[in-house]
Amino acid sequence: MTLTLPARAYVDVSAYDRERHAIWAREWQLLGPSVQLEERGAYVAAEIAGWPVFVVRTPSDELRAFHNVCPHRAGVIVWPGTGVTGNLVCRYHGWAFGWDGTLTRARDFGDDTGLCTGGERLAPIQVESWRGLVWITLDPSAPPLVEALGGFVEECARFPMEQFRHGHRLVRQLACNWKTYADNYLEGYHVPMLHPGLSRSLDMSTYRVDVPEDGYCVHRADTAGGSPSAGLWLFRYPNVALNVYADGMNVERIVPIDVRRTQIVYDYFFADDIPAAGAAMVKMSNVVLDEDQAICEAVQRNLEAGVYERGTLSPKHEVGVAWFQRRVAVAVGEA
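Residue numbers (our numbering): 1424 to 1758.
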């Protein structure tokens, strides 16, 4: 019998803080589509579980990533979001940095002779691009991205991901812990109850979640017509869902804001400019997300009510949930 994580894992600030350091500071994280960083000087600035970071394409056409924190007095180098910059200058006091992160000038500081000798610099972050997607990790000792992705890479090999063009982004904030939403994604047990439209398109008797290796899992189901799905539904621990088809894909990121708030980011890619089929995909995703948001926020409220402690996972339908929760428990030292 496999038990769920305890309710406190979803509501305690201390549990979230342990996850920040044990999971989010160590795992490779998807930051977004490479198309956002095609132009030299283009940057993307975001937060990873409370850590402000940014990636920039340098004038020499390299990707560089740093913590978005000035070593002077913790100002920001670029404002959150996307843009193009000709230099790296703190927006607070104007300290300037080279594209490698080293301090080049402390504006009107006085005697800055001792500062600009390489000791003061932006904290670097590992960054890599894989098949049109940019990833970062805060862990300087993390293995290379492709090595970390493991079998996830082979699963995607037959799809022409680089040929798809980014066509749409959907961002939604949910009032729930990030794991509440991830748990929901990792099983199809709820689909007949919550997603009538999605359920009608699938033969739910064939729905299963497999865990080929410890870093990711795969959803599989035949279509309602009885034919195998032409797509691939993958979840890469801890927070990336990749749904890829012959003519497009959508990438979903589960981004923790704090212990009770989560941001969901959907990026849609199509073989051509958004066709009717692509518009239908976006519309269906919105419907499914509405349905998932309602139940995940209700579950979060119930987790906080103090009645529920922990439950039992189905060995038939909740294999993915069991795998995911075990990974979390091991990471935070509670396995």
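Quick reminder that beta carbons are idealized off the backbone N, C-alpha and C, glycines included. Since this is a predicted model, take the numbers as computed values, not measurements.
How far does the alpha helix (DSSP H) with D1606 in it reach, from first residue to last? Looking at the DSSP string, the run of the alpha helix (DSSP H) that includes D1606 is W1601 to Y1608.
Buried or exposed: which applies to D1633, given that a residue is buried once 16 or more other Cβ atoms fall within 10 Å of its Cβ? Exposed, by the Cβ-count rule.
Determine the burial state of E1462: buried for a count of at least 16 other Cβ atoms within 10 Å of its Cβ, exposed for fewer. A residue is called buried once 16 or more other Cβ atoms fall within 10 Å of its Cβ, and E1462, having fewer, is exposed.
Rounding to the nearest angstrom, what Cα-Cα distance links W1656 and G1611 in this structure? Whole-angstrom Cα-Cα distance: 12 Å.
Check the C-beta distance from V1501 over to T1508 and give it rounded, since I have them as a contact under 8 Å. At roughly 6 Å, the Cβ-Cβ gap stays under 8 Å, so V1501 and T1508 are in contact.
Would you tell me roughly how many angstroms separate the C-alpha atoms of T1525 and L1545, rounded to the nearest one? In this model, T1525 and L1545 are separated by some 6 Å (Cα to Cα).
Count Cβ pairs between the stretch 1570 to 1578 and the stretch 1590 to 1609 that sit closer than 8 Å; are there 3 or more? Result no; under three Cβ-Cβ pairs closer than 8 Å.
DSSP-derived helix/strand/coil call for L1428: Residue state for L1428 is assigned as coil, using DSSP reduced to three classes.
Since L1511 sits in a beta bridge, which residues does DSSP pair it with? DSSP output for L1511 lists F1520 as bridge partner(s).
Identity of the residue in S1457, A1717, G1464 and E1470 nearest R1443 by Cα: Checked all of S1457, A1717, G1464 and E1470; the closest Cα to R1443 is E1470.
Taking the beta carbon of Q1586 as the centre, do at least 16 other beta carbons fall within 10 Å, making it buried, or is it exposed? With fewer than 16 neighbouring CB atoms inside 10 Å of its own CB, Q1586 falls in the exposed class.
If I measure Cβ to Cβ from G1473 and keep anything under 7 Å in the same chain, skipping five residues before and after, which residues do I get? Apart from sequence neighbours up to five positions away, the residues of its chain that approach G1473 with a beta-carbon distance below 7 Å are R1443, ordered along the chain.
How many angstroms separate the CA atom of Y1764 from the CA atom of L1428? Because the chain here runs from 1424 to 1758, residue 1764 falls outside it and cannot be looked at.
Segment contact flag, the stretch 1448 to 1459 with the stretch 1734 to 1748, C-beta cutoff 8 Å, min 3 pairs: Contact between the stretch 1448 to 1459 and the stretch 1734 to 1748 is absent: fewer than three C-beta pairs spanning the two stretches fall below 8 Å.
Which two residues bound the contiguous beta strand (DSSP E) that contains Y1466? Where Y1466 is concerned, the enclosing beta strand (DSSP E) starts and stops at A1465 to I1471.
Buried versus exposed, by CB contacts within 10 Å (16 or more), G1671: Under this definition G1671 is a buried residue.
Taking DSSP's pairing of strands, which residues face C1640 in a bridge? Under DSSP, C1640 forms a beta bridge with F1658.
Helix, strand or coil: which one does DSSP assign to L1597? Strand at L1597.
Whose C-alpha, out of E1720, D1690 and A1717, is nearest the C-alpha of P1456? Measuring from the Cα of P1456, the nearest candidate turns out to be D1690.
Does the stretch 1581 to 1597 touch the stretch 1660 to 1669, meaning 3 or more C-beta pairs lie closer than 8 Å? Under the Cβ criterion (8 Å, minimum of three pairs), the stretch 1660 to 1669 counts as touching the stretch 1581 to 1597.
If I measure Cβ to Cβ from R1441 and keep anything under 6 Å in the same chain, skipping five residues before and after, which residues do I get? For R1441, where only same-chain residues beyond five positions count, the Cβ hits under 6 Å are V1755.
Name the one or two DSSP bridge partners that F1489 has. F1477 and P1547, per the DSSP bridge assignment.
Please go through the same chain and pick out, in chain order, the residues whose beta-carbon is closer than 7 Å to the beta-carbon of D1626, but skip the five residues on each side of it. Excluding sequence neighbours, D1626 sits near A1644, D1645, T1646, A1647 and G1649.
Buried versus exposed call for E1741 [16 or more other C-beta atoms within 10 Å across all chains shown]: Of the other Cβ atoms in all chains shown, 16 or more fall within 10 Å of the Cβ of E1741; this residue is therefore buried.
E1551 and V1569: beta carbons closer than 9 Å? Contact check for E1551 against V1569 passes: the beta carbons are separated by less than 9 Å.
Considering just the uninterrupted stretch of the alpha helix (DSSP H) at A1438, what are its terminal residues? Boundaries of the alpha helix (DSSP H) harbouring A1438: V1436 to E1442, taken from the DSSP string.
Looking at the strands, I want to know which residues DSSP matches up with L1526. For L1526, which the question treats as bridged, DSSP gives the partners F1520.
Using a Cβ-Cβ cut-off of 7 Å (strictly less than) and excluding sequence neighbours within five positions of D1562, which residues of its own chain qualify? So the qualifying residues of the chain are A1448 and R1449.
Closest to A1721 by C-alpha separation, out of S1737, R1683, V1753 and V1710, would be which residue? Closest by alpha carbon: R1683.
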